[in-house]
Each structure stands twice: as structure tokens, then as C-alpha cells.
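Taking our numbering, the leading residue of the sequence shown gets 130, the next gets one more, and so forth. Let me begin by presenting the structure, written as C-alpha cells, before commenting on it.
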Amino acid sequence: MKLFALLLSLAATGSAHFFITSPVPRAGSSDGTELIYPCGGLPLGTRTTLTPVNGVFPIKGGLAHPTAVANFSIVVGNEDPILSQFAVTFFDGGENLGLVEGYFTFDADVADIPAITDGANAVIQVEMDTADGHLDVCMDVTFSLSEAATTTTTTTTAESGSSSGSGGGATATASTDLAETTTTASFAGSSTFEASAGETTADSSKNTATDLTTAVTKTASSVSIKNSSVSTTASSAASASASSLIGFGTAAAVAVVLFF
130 MKLFALLLSL
140 AATGSAHFFI
150 TSPVPRAGSS
160 DGTELIYPCG
170 GLPLGTRTTL
180 TPVNGVFPIK
190 GGLAHPTAVA
200 NFSIVVGNED
210 PILSQFAVTF
220 FDGGENLGLV
230 EGYFTFDADV
240 ADIPAITDGA
250 NAVIQVEMDT
260 ADGHLDVCMD
270 VTFSLSEAAT
280 TTTTTTTAES
290 GSSSGSGGGA
300 TATASTDLAE
310 TTTTASFAGS
320 STFEASAGET
330 TADSSKNTAT
340 DLTTAVTKTA
350 SSVSIKNSSV
360 STTASSAASA
370 SASSLIGFGT
380 AAAVAVVLFF
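See the structure below:
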């Protein structure tokens, strides 16, 4: 079934010795042009935008020969490369790669090619050494690296202020799959925010403590006043009792004198 599908694909591409489906090859690529080096003699054409995932993008195609030795290379630049520029920069693992008949996918890694930046134009060349001779197909592309990362993890950690109101630090770590790098940045605003939060908590605690102290003082004062009132009352009662006794004694003494 796969062989039948491959034959149909070859028929659709003009019975080519091999064909590329992704990225899109230069317009006019066919069985005849593949024998012309470089790029089948075809001019620079419309560019396909490539967005690598984790620094990698696939080159897909099919081979109609039993075996072949493939070379996957790239020339970065805005102009159509000249002959001497081809087959100089190879993708990692893309030089003298043995292939057999059928569909193939080569994962082209651009992470280690410094010239490939966001918006960079390039020409990708796939060469095949087969029993029929040297064949090649070219693809004109533009790289989009700004959207290349599939995941972005951001972790923000902040230490809140202490009871005295001192603020902690805040850091954010961003990891992008594309560059496989970790970027750490300090956020002064977060630190300030946390410090303010700490100061607010500390002030709140101080206010609560002050309120409690005031309440206790007022209660103590109230108790003291009540105790003072009780003492005054007791003193008054004692004085009154003493006065009454003195008065009673005096009256008794007068009565005795008069009696005698």
C-alpha cells in the first residue's frame, strides 16, 4: 500500500527519482531538473515560512531508488546562492545519510547554526547520490523563530515582608524550548509590593497590640476606680460607725452623772 502511494506521488511529481513534499520545493522541480546542479537550474522562488519546534523542522519526501546517499545542507542569505556556497553547511546528521526506497523524514536542527535568526532567509538543498547519478532539489524558506517555542514556563517566587516590614526578593524564571536557555530577571516592583504588604501586616499587628493594651489599661483603671470607691465607702461606713459609738458613749456617760 505504501509503495502504491509512493508511486502515485512520483507520478504526480513527474515520475521524479525522488521528491520533496515539505518544505515546498522550487516551482518547476521535476524528474528532468533534478539532474541539473544546483537546484535543478531553477531560479529563486517564493519562500515558505518555517517555524522550527524546539529548534527542529522536518524535511519530508520520498525516494524511488532502492538506495541513495543523501545530503541535507543550507545556505543562509537573501540572494540566490552561487555554486561555491552550496554543500558547505550541513544540518547535524544530514551529511552522507543512507536512505532506502520509500518515504523519509529528516529532522533538520537549526539550533547550532548561528546565522539562522528570526526572519532569516535561506535556501535548503537536498542532494541524492543514486544509481542514476547526482540529483538535487532546493527549497526557498524564511525562518520564524519568534513563535518557535512550543512551551513557555514562568515561575514567580516572592518572599513576603517580615513583621518588621522588611521586603524579600522576587525572581521570575522563563524557559524557552527554542534556545534551551533559562533567563532569570529581578522584579523590583514585586519586591516593593511584598515589602509594603509586610509593613501593612506589621502596622496592623502593632495597632492590634496597642488596642489591646489600651483596653487592658482602661479595664485596670476601671477596677482601680471601683476599688477606690469601695475603699471610700468602707472608710465612710467605718467613720460613721465610730462616730455613732462615740456619740452613744457620751450620752451614756451623761446619763450616769445625772443619775448620781
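We put the beta carbon where it would ideally sit given N, CA and C, even for glycine. These figures come from a predicted structure and were not determined experimentally.
CA-CA distance, residue i and residue j?
i       : j       : result
Val-204 : Thr-259 : 23 Å
Pro-210 : Pro-195 : 31 Å
Leu-192 : Ala-237 : 18 Å
Thr-178 : Gly-227 : 28 Å
Gln-254 : Asn-200 : 8 Å
Leu-171 : Gly-157 : 7 Å
Ser-275 : Thr-175 : 21 Å
Asp-160 : Ile-188 : 19 Å
Ala-197 : Met-257 : 6 Å
Val-270 : Tyr-232 : 22 Å
Ser-304 : Phe-148 : Note on Ser-304: pLDDT 37, under 50, position unreliable in the model; the coordinate value appears next. So the alpha carbons of these two residues sit roughly 37 Å apart.
Phe-219 : Pro-243 : 13 Å
Val-266 : Val-239 : 19 Å
Phe-235 : Leu-173 : 23 Å
Ser-202 : Met-268 : 11 Å
Phe-272 : Asp-261 : 33 Å
Val-150 : His-263 : One point to set straight first is that residue 150 is Thr, not Val, in the sequence displayed. Going by the C-alpha atoms only, they are around 19 Å apart.
Taking all protein chains shown into account, do 16 or more other C-beta atoms lie within 10 angstroms of the C-beta of residue i, making it buried, or fewer, making it exposed?
i       : result
Ser-365 : Because the pLDDT at Ser-365 is just 45, under 50, the model does not fix this residue reliably, and the point stays unresolved.
Pro-475 : Absent from the model: residue 475. The displayed extent of the chain is 130 to 389, so no value can be given.
Lys-335 : Confidence at Lys-335 is low in this model, with a pLDDT of 47, below 50, so the placement of that residue is unreliable and no value is reported for it.
Gly-390 : Residue 390 lies beyond the stretch modelled for the chain, which goes from 130 to 389, so this question has no answer here.
Pro-152 : buried
Val-229 : exposed
Asp-241 : exposed
Thr-246 : exposed
Asn-162 : In the sequence as presented, Asn is not what sits at residue 162; that position holds Thr. When all chains shown are included, Thr-162 counts as buried.
Following a CB-centred definition, is residue i positioned closer than 7 Å to any heavy atom of the ligand COA?
i       : result
Val-270 : This structure lacks the ligand COA, and indeed carries no ligand of any kind.
Next on the checklist: Does the segment 209–227 come into contact with the segment 166–174, if we say contact requires no fewer than three beta-carbon pairs (one atom in each stretch) closer than 8 Å?
Outcome noted: yes
Next on the checklist: Three Cβ pairs or more, each shorter than 8 Å: is that satisfied between the segment 236–255 and the segment 193–207?
Outcome noted: yes
Checklist entry - Any chance the segment 169–183 sits against the segment 215–229, with 3 or more Cβ pairs inside 8 Å? => result no
Checklist entry - Taking only runs of the alpha helix (DSSP H) that begin and end inside the segment 140–181, which ones reach a length of at least 4 residues, in chain order? => result none
Item to check | Entirely enclosed beta strand (DSSP E) segments - the segment 206–280, minimum 3 residues | outcome: Counting only runs that start and end inside the segment 206–280, the beta strand (DSSP E) elements of at least 3 residues fall at 226–238, 250–259 and 262–272.
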